[in-house]
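Under the numbering used here, think of the first position of the sequence shown as 204, with each following residue one higher. We put the CB at the ideal spot given by N, CA and C, even for glycine. No experiment lies behind these values; they were computed from the predicted model shown. Structure first, commentary second.
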Amino acid sequence: MTAPRTSLSGAVFLDLYGTVAREVGYINHPDRFRLQDFSGEAIRLLNRAGYRVFVATNQSGIARGYFTEDVLNEVHRRLVDRLAREGARVEAVYHCPHLPREGRPPECDCRKPLPGMLHRAAREHGVELASSWMAGDMITDVETGHLAGARGILLRTGYGRGQIEYQRHRWRVEPDLICDDLLVAAHAIVAALPQDQG
Ligand SMILES: [Mg+2]
Ligand SMILES: [Zn+2]
Numbered sequence: 204m205t206a207p208r209t210s211l212s213g214a215v216f217l218d219l220y221g222t223v224a225r226e227v228g229y230i231n232h233p234d235r236f237r238l239q240d241f242s243g244e245a246i247r248l249l250n251r252a253g254y255r256v257f258v259a260t261n262q263s264g265i266a267r268g269y270f271t272e273d274v275l276n277e278v279h280r281r282l283v284d285r286l287a288r289e290g291a292r293v294e295a296v297y298h299c300p301h302l303p304r305e306g307r308p309p310e311c312d313c314r315k316p317l318p319g320m321l322h323r324a325a326r327e328h329g330v331e332l333a334s335s336w337m338a339g340d341m342i343t344d345v346e347t348g349h350l351a352g353a354r355g356i357l358l359r360t361g362y363g364r365g366q367i368e369y370q371r372h373r374w375r376v377e378p379d380l381i382c383d384d385l386l387v388a389a390h391a392i393v394a395a396l397p398q399d400q401g
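Structure, rendered in structure tokens:
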């Protein structure tokens, strides 16, 4: 059905806060940004297995006026630099600056769980979404992956434990995997590769 090594054109999309970085509320100053200890190792592992890694993050604080696009760009620059110093490569950081619109049609196609950021990465970087994964600490991250045709992993870091222990009855999708953190998820993704190539 698929050509050999087709999974190598797949990518891993990562939520930012509660996933790659600590969930600390709105980052209205770059110094509030904290990378998780295991993120460098996790992303390095994915890179070595042939996966390109992208970050996809909702940033409604822009639309709310809590911080500017300049502050956000500085935070994302630090994210990419710090990971690079650990030998971990992130191809691009995508963000949705728009507001949630509870019960009304969305004003954009990029606020997760809508899959606009993944579609954009697919267009701009030639990513094969069917061979890709999305991992995050919210069930909406899993939903984003599924809407894009990718697999979805829910992590127990950040809001994940609460999502799993108290919100499960409200889930509209079921995660392909539930993992303790991003490093465990990276190992699981790499371990799944041979099946894809068979
Ligand atoms: Mg998150
Ligand atoms: Zn958006």
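Taking the Cβ atom as the reference point for each residue, do residue i and residue j lie within a distance shorter than 9 Å?
{"i": "Ala252", "j": "Leu358", "result": "no"}
{"i": "Arg354", "j": "Gly348", "result": "yes"}
{"i": "Arg247", "j": "Ala295", "result": "no"}
{"i": "Ile392", "j": "Tyr254", "result": "yes"}
{"i": "His298", "j": "Leu275", "result": "yes"}
{"i": "Ala287", "j": "Ala214", "result": "no"}
{"i": "Val278", "j": "Phe241", "result": "no"}
{"i": "Glu244", "j": "Glu310", "result": "no"}
{"i": "Val258", "j": "Phe216", "result": "yes"}
{"i": "Asp383", "j": "Thr360", "result": "yes"}
{"i": "His301", "j": "Cys313", "result": "yes"}
Which residues mark the beginning and the end of the beta strand (DSSP E) in which residue i is found?
{"i": "Ala333", "result": "Looking at the DSSP string, Ala333 is not in any beta strand (DSSP E), and its letter there is neither H nor E."}
{"i": "Thr260", "result": "255-261"}
{"i": "Ile381", "result": "380-382"}
Consult DSSP for residue i and reduce its assignment to one of helix, strand or coil.
{"i": "Ala295", "result": "strand"}
{"i": "Tyr220", "result": "strand"}
{"i": "Met320", "result": "helix"}
{"i": "Val393", "result": "helix"}
{"i": "Gly264", "result": "helix"}
{"i": "Leu350", "result": "helix"}
{"i": "Val215", "result": "strand"}
{"i": "Gly339", "result": "strand"}
{"i": "Gly243", "result": "helix"}
{"i": "Val387", "result": "helix"}
Please list the terminal residues of the continuous alpha helix (DSSP H) segment that includes residue i.
{"i": "Val274", "result": "272-288"}
Would the stretch 212-231 count as touching the stretch 336-350 if we require 3 or more Cβ pairs under 8 Å? Contact between the stretch 212-231 and the stretch 336-350 is present, because at least three Cβ pairs lie under 8 Å.
Check whether the stretch 364-376 touches the stretch 229-236, taking contact to mean three or more Cβ pairs, one atom from each stretch, closer than 8 Å. Output reads no: the stretch 229-236 does not touch the stretch 364-376.
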